[in-house]
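Structure, as structure tokens:
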Amino acid sequence: MRLSRYFMPILKENPKEAEIVSHRLMLRTGMIRQQSQGIYSWLPLGKRVLDKVNAIIREEQNRAGAIELSMPTLQSAELWQESGRYEDYGKEMLRIRDRQDRPMLYGPTNEEMITDIFRSSVKSYKSLPLNLYHIQLKFRDEIRPRFGTMRSREFLMKDAYSFDLTQADAIHSYNKMFVAYLRTFDRLGLRAIPMRADTGPIGGNHSHEFIILADTGESEVFCHKSFVDFDIPAVDTDFDSVEGLQSIFDKWTSVYAATSEMHDEAAFGAISEGDRLSARGIEVGHIFYFGTKYSEPMGAKVQGPDGKEHLVHMGSYGIGPTRLVPAIIEASHDENGIIWPASVAPFDAVVINMKPGDEGCDTTCDRLYTALQNAGKDVLYDDTDDRAGTKFATADLIGVPVQVIAGPRAVAAGEVELKDRKTGARETLTIEAAINKLTA
Ligand code: ATP
Ligand code: MG
17 MRLSRYFMPI LKENPKEAEI VSHRLMLRTG MIRQQSQGIY SWLPLGKRVL
67 DKVNAIIREE QNRAGAIELS MPTLQSAELW QESGRYEDYG KEMLRIRDRQ
117 DRPMLYGPTN EEMITDIFRS SVKSYKSLPL NLYHIQLKFR DEIRPRFGTM
167 RSREFLMKDA YSFDLTQADA IHSYNKMFVA YLRTFDRLGL RAIPMRADTG
217 PIGGNHSHEF IILADTGESE VFCHKSFVDF DIPAVDTDFD SVEGLQSIFD
267 KWTSVYAATS EMHDEAAFGA ISEGDRLSAR GIEVGHIFYF GTKYSEPMGA
317 KVQGPDGKEH LVHMGSYGIG PTRLVPAIIE ASHDENGIIW PASVAPFDAV
367 VINMKPGDEG CDTTCDRLYT ALQNAGKDVL YDDTDDRAGT KFATADLIGV
417 PVQVIAGPRA VAAGEVELKD RKTGARETLT IEAAINKLTA
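Residue numbering for the sequence shown follows the working numbering, starting at 17 and increasing by one per position.
This is how it looks when you write it as structure tokens:
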């Protein structure tokens with residue numbers, strides 16, 4: 017992408033309304049724009065990051081055996097009347113009437129709809145286990161939307177829903193998502209800690225919130241420090257192995273971790289003082305086994321091996337991509353701007369032409385730009401007439417992992433400079449070597 021032809025409306029000043037660094041940087045870099053309270057457009061730079069986050073989420077969901085579909089944002093109130101949640105949901109639900117005066121709503125979540133899809137077509141235990149997910153906009157009329165897309169009213173959610181014949185099978189489905197989440201957050205460059213969450217009347221140990229530690233987080237959390245060293249399940253993890261997944265779950269839930277709602281002062285106090293971590297955190301995911309809570313009122317049953325009808329056991333599994341993007345920034349930035357982990361960076365590299373119009377600089381940059389693109393890299397080419405200082409500041413601000421700097425003197429010697437955004441390390445390489453390194 018040539019910057020001169022791109023749409024990246026950078027702000028020179030820090031926007032006053034932004035209270036936390038991620039919100040400030042997302043506005044300054046022109047990643048997002050607020051359209052009305054808690055409702056955002058994702059401008060091209062932001063959209064690139066969001067798409068990469070979604071791609072990683074999707075890959076890990078698929079690896080764990082979940083199947084993608086797409087459900088609408090607008091739902092009929094009828095389904096919610098069946099489950100009994102239409103009245104309960106309260107003011108967070110945006111209620112709408114269509115031209116026939118039928119009650120509709122903008123979905124805050126999809127348990128009812130997926131249960132309806134399930135019951136209309138699945139009749140036998142032989143179709144189980146089944147886990148269906150989508151990545152779709154939700155609307156919750158939050159009482160305090162804030163921090164940009166961290167807590168917005170319209171936001172994206174990956175929500176998966178599992179269906180099983182028995183509780184034991186449902187726990188295996190739960191463990192699949194547990195492992196998929198550990199892998200997902202790790203690939204996003206984050207260390208997320210699963211913390212026991214409230215299961216309400218259902219009880220048990222099968223609701224976890226995945227929390228990222230950050231000073232600006234809205235939740236107060238308490239955990240054992242050892243989480244930092246736990247191994248992330250490998251890419252070849254066998255998701256069909258009941259024991260294998262259970263042992264990963266057991267390991268990751270073997271030490272204390274809880275949000276303030278579930279906090280147990282005595283259990284936390286039992287940890288030696290040096291290993292206690294009390295901090296603030298951002299909830300980026302939530303998984304929940306809820307048994308027959310929806311299958312019962314909505315009549316979602318399958319025929320079991322015994323020939324009898326059984327209510328299916330369900331779980332739901334949410335991740336918020338539009339919250340993850342600012343969460344990643346909270347975890348990875350410095351005074352000059354964002355530092356994207358390579359896996360979600362909007363571009364893999366930015367080629368900076370220090371002197372457009374200079375034949376050597378132009379030829380070299382064109383060559384680099386073409387070679388990197390041909391190798392399948394996402395490249396931003398700063399071919400604008402801005403001053404060199406402005407170009408460097410922009411490159412730092414938008415946080416692209418590698419800067420390839422082509423100035424007249426280096427280029428005349430057949431060389432360019434590479435700068436690593438994260439470490440600041442610089443090296444001078446021949447053009448050939450630079451291409452090799454960046455396409456390796
Ligand atoms: P919170 O306690 O932060 O309001 P929640 O418990 O209501 O979250 P869930 O219903 O479990 O959230 O939704 C699953 C995921 O969706 C959350 O873990 C989060 O990543 C994301 N999410 C929820 N609400 C919002 C929001 N208002 N803005 C952005 N992302 C959200
Ligand atoms: Mg909420």
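Note that CB positions come from ideal geometry on N, CA and C, so glycine has one too.
Give me the residue from the options with the minimum Cα distance to residue i.
i: proline 60; options: Ala71, Gly46, Glu234; result: Gly46
i: lysine 68; options: Cys381, Asp398, Leu206, Ala361; result: Ala361
i: isoleucine 345; options: Ile36, Arg169, Arg18; result: Ile36
i: serine 57; options: Arg115, Leu153, Asp401; result: Leu153
i: isoleucine 451; options: Asp401, Asp247, Thr380; result: Thr380
i: aspartate 254; options: Asp436, Gly81, Thr455, Tyr149; result: Gly81
i: glycine 216; options: Gly315, Gly323, Ala71, Phe304; result: Phe304
i: serine 86; options: His188, Gly423, Asn126, Thr338; result: Asn126
i: threonine 63; options: Val341, Arg113, Glu433; result: Contrary to the premise, residue 63 reads as lysine rather than threonine in this sequence. The residue with the shortest Cα to Cα distance from lysine 63 is Val341.
i: tyrosine 310; options: Lys32, Pro25, Gln53, Ile133; result: Ile133
i: glutamate 29; options: Arg44, Leu19, Met330; result: Arg44
i: lysine 192; options: Arg156, Leu204, Tyr141, Ala250; result: Ala250
i: alanine 196; options: Glu158, Asp256, Asp157; result: Asp256
i: histidine 240; options: Asp266, Phe171, Arg292, Ile264; result: Arg292
i: isoleucine 159; options: Glu108, Gln183, Met17; result: Glu108
i: isoleucine 72; options: Ser136, Ile151, Ile414; result: Ile151
i: leucine 41; options: Asp374, Ser270, His349; result: His349
Can residue i be considered in contact with the ligand ATP, in the sense that its beta carbon sits closer than 7 angstroms to one or more heavy atoms?
i: histidine 39; result: no
i: valine 360; result: no
i: arginine 339; result: yes
i: isoleucine 335; result: yes
i: phenylalanine 171; result: yes
i: serine 168; result: yes
i: glycine 301; result: yes
i: threonine 232; result: no
i: threonine 125; result: yes
Output the boundary residues of the beta strand (DSSP E) element that contains residue i.
i: threonine 232; result: Run containing threonine 232: none; DSSP gives neither H nor E here.
i: threonine 338; result: Per DSSP, threonine 338 belongs to no beta strand (DSSP E); it is in the alpha helix (DSSP H), 337-347.
i: arginine 21; result: It is not in any beta strand (DSSP E) - arginine 21 carries neither H nor E in the DSSP assignment.
i: asparagine 4; result: The structure shown has nothing for residue 4, since the chain only spans 17 to 456.
i: glutamine 53; result: Element bounds for glutamine 53: n/a, residue is neither H nor E.
i: valine 418; result: 418-422
i: valine 179; result: Residue identity differs from the one stated: residue 179 is phenylalanine in this sequence, not valine. Where phenylalanine 179 is concerned, the enclosing beta strand (DSSP E) stretches over 170-180.
Relative to the ligand MG, is the shortest distance from any of its heavy atoms to the C-beta of residue i smaller than 7 angstroms?
i: arginine 101; result: no
i: arginine 156; result: yes
Could you check whether residue j and residue i sit closer than 8 angstroms to each other, using their CB atoms as the reference points?
i: methionine 211; j: glutamate 234; result: no
i: glycine 334; j: lysine 174; result: yes
i: isoleucine 228; j: glycine 297; result: yes
i: serine 168; j: glycine 301; result: no
i: serine 223; j: aspartate 214; result: yes
i: alanine 365; j: lysine 393; result: yes
i: valine 427; j: valine 367; result: no
i: lysine 435; j: leucine 445; result: no
i: phenylalanine 163; j: histidine 329; result: no
i: glutamate 433; j: arginine 442; result: yes
i: proline 372; j: aspartate 401; result: yes
i: threonine 338; j: threonine 165; result: yes
i: aspartate 398; j: leucine 19; result: yes
Contact check, residue i vs residue j under 8 angstroms by CB: the rounded distance?
i: serine 332; j: tyrosine 122; result: Not confirmed; about 18 angstroms, so no contact.
i: phenylalanine 238; j: alanine 274; result: 6 angstroms
i: methionine 120; j: leucine 90; result: 6 angstroms
i: phenylalanine 179; j: leucine 144; result: 6 angstroms
i: methionine 370; j: alanine 404; result: 5 angstroms
i: leucine 204; j: phenylalanine 155; result: Not quite, the Cβ-Cβ distance comes to about 24 angstroms (not below 8 angstroms), so this is no contact.
i: valine 318; j: tyrosine 141; result: 5 angstroms
How would you write the range of the alpha helix (DSSP H) that residue i sits in, first residue to last?
i: valine 65; result: 60-79
i: aspartate 378; result: 375-390
i: threonine 200; result: 183-203
i: asparagine 452; result: 447-455
i: methionine 314; result: 311-314
i: histidine 39; result: 37-44
i: glutamine 97; result: 93-99
i: tyrosine 136; result: In the sequence as presented, tyrosine is not what sits at residue 136; that position holds serine. First-last of the alpha helix (DSSP H) with serine 136: 127-137.
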